[in-house]
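*Asks:* Residue numbering for the sequence shown follows this note's numbering, starting at 9 and increasing by one per position. In this text, a Cβ means the ideal position worked out from N, Cα and C, and glycines have one as well. The structure presented is a predicted model; accordingly, all values stated were derived computationally and were not measured.
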Amino acid sequence: MLNRRSFFNHSLTASLAAFLGFTQCESPAQTENTAAATPSKSNPNSKAVTPAIIATWPHKEATGPAMDVIQEGRSALDAVEACARIVEADPMDQSVGYGGLPDAAGNVTLDACIMSADGKAGAVTYLQHIKHPISVARKVMEETIHVMLSGEGALQFALEQGFEKEDMLTPKAKEKWEKWKAENKGAPAKANIDQHDTIGVLAIDKDGNMSGACTTSGMAYKVPGRVGDSPIIGAGLYVDNEVGGACATGVGELVMTTLGSFLVVELMRQGKTPQEACEAAVQRIADRHLKEGDDLQVGFIAMNKKGEHGAYSILNGFSYTLHQDDQNEIHEATFMMMNPNQE
Ligand code: SD4
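What follows is the structure, encoded as structure tokens:
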């Protein structure tokens, strides 16, 4: 017999499962291979537009192959996952995946999320020992009734899904962490404008459908346990296939407390261009949280359903990569300049 609580849980689970589009008896094994290559599904409401990809920071090495995925006729979701995986595997990128700088205790802890054109999302936070958190996030989206898994549970889920346990701390990252520890005598890291190469990426496929992904090792030398904006749907990433998408990079605490990417998308829904929406979101952060002289960086990128894009940051130095009309190029974002002392 179902008591009140188990009835509630049962109905909640059943409704969630229905909302997420699969039945409870469907086992992970049955759905395991659905993540591999999803053909782009036609959205009857979306007009075919030119495919486009926009990513935070200079990541041409990742947006190029991601555009190939779209040109093969695969979905924006496949493209953003492919894009994120390239950066996650790059030991030279010290803000993402393998090679990412650790927390104050020397552990590399990873945050990621993914959002598809049908409004579904998956996320992992505080995930250790797994090279591709973005693919684990996609598995969470496609093979569970949940949106977010964290820490040990996320790791167990990843292992069950066949991901390998690996050491994420490269010798270079370890050396930097040891130097930081010696110089800072263990004091927590100050949020600063350095070491931001987190990748947030948005793509439009040949059917005009949009998806997005965001993946990071978070703020370098963070307090152990800290999770930033990047895996939070609406903060580090938001996609609404009727309107467009947005991603954030920089000091996550400023983005989380303003739900920045959701704000950008909602402003586009109200009629702002992607550029105007990014500027308004940065202004909101400045109004709420900043004073002159602060060295805190946040940057937003946005793209609407027409393929128009925008990018804006608090401080100078934020760049983004745009792959559109056969051009794969890095651009400098315009910025607000809160700190008059900044070059
Ligand atoms: C965080 N927003 O964890 C991330 C850091 C980042 O480029 O974007 N780095 O706060």
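Between which two residues does the alpha helix (DSSP H) holding Val272 run?
*Replies:* The residue given as residue 272 occupies position 264 in the sequence shown. It spans Gly268 to Arg277 - the alpha helix (DSSP H) in which Val272 sits, taken as one unbroken run.
*Asks:* With a 10 Å radius around its C-beta and 16 neighbouring C-beta atoms as the bar for buried, classify Asp2 as buried or exposed.
*Replies:* Look at the range of the chain in this structure, 9 to 351, and you will see that residue 2 is not part of it.
*Asks:* Identify which residue in Trp185, Met100, Leu135 and Gln102 has its Cα closest to the Cα of Thr117.
*Replies:* Residue numbering aside, residue 117 sits at position 109 when the sequence shown is read from its first letter. Closest by alpha carbon: Leu135.
*Asks:* So Gly236 and Gly260 are supposed to be a Cβ contact under 8 Å. How far apart are they, rounded?
*Replies:* For the purposes of this step, residue 236 is taken as the residue at position 228 of the sequence shown. For the purposes of this step, residue 260 is taken as the residue at position 252 of the sequence shown. Confirmed, Cβ separation roughly 3 Å.
*Asks:* Assuming Gln291 contacts Gly318 (C-beta within less than 8 Å), just tell me the rounded distance between them.
*Replies:* Position 283 of the sequence shown, counted from the start, is the residue given in the question as residue 291. Position 310 of the sequence shown, counted from the start, is the residue given in the question as residue 318. About 13 Å; that fails the 8 Å criterion.
*Asks:* Where does His339 fall in DSSP's three states?
*Replies:* Here residue 339 corresponds to residue number 331 of the sequence shown, with the count starting at 1. Here His339 sits in strand by DSSP.
*Asks:* Within the present structure, is the beta-carbon of Ala113 separated from the nearest heavy atom of ligand 1 by less than 8 Å?
*Replies:* As a first step, residue 113 is located in the sequence shown; it is residue number 105 there, counting from the start. No, since every heavy atom of ligand 1 falls outside the 8 Å radius drawn around the Cβ of Ala113.
*Asks:* Measuring CA to CA, which of Lys189, Gly208 and Val57 is closest to Gly352?
*Replies:* It is not possible to answer for residue 352, since the shown part of the chain is limited to 9 through 351.
*Asks:* Taking only the alpha-carbon atoms, compute the straight-line gap between Ile240 and Asp98 and give it to the nearest angstrom.
*Replies:* The residue given as residue 240 occupies position 232 in the sequence shown. The residue given as residue 98 occupies position 90 in the sequence shown. So the two alpha carbons sit approximately 23 Å from each other.
*Asks:* Exposed or buried, which one is Pro179 when buried takes at least 16 other CB atoms within 10 Å?
*Replies:* Numbered from 1 along the sequence shown, position 171 holds the residue referred to as residue 179. Flag for Pro179 reads exposed.
*Asks:* CB-CB under 6 Å to Ile61, same chain, minus the five flanking residues each way: which ones, in chain order?
*Replies:* As a first step, residue 61 must be located in the sequence shown, where it is residue number 53. So the qualifying residues of the chain are Thr71, Ala74, Met75, Ala211 and His331.
*Asks:* So, at 7 Å on beta carbons, what are the nonlocal neighbours of Met100 in its own chain, with the 5 sequence-adjacent residues on each side left out?
*Replies:* Position 92 of the sequence shown holds residue 100. Taken in chain order, the residues that qualify are Gly107.
*Asks:* In whole angstroms, what is the alpha-carbon distance linking Leu177 and Gly161?
*Replies:* Taking the sequence shown and counting its residues from 1, the one referred to as residue 177 is at position 169. Taking the sequence shown and counting its residues from 1, the one referred to as residue 161 is at position 153. Approximately 21 Å, taken between the alpha carbons.
*Asks:* Tell me, to the nearest whole angstrom, how far the beta carbon of Gly252 is from that of Lys313; I am working on the premise that it is less than 8 Å.
*Replies:* Working through the sequence shown from its first residue, we reach residue 252 at position 244. Working through the sequence shown from its first residue, we reach residue 313 at position 305. The Cβ separation is near 5 Å, so the contact holds.
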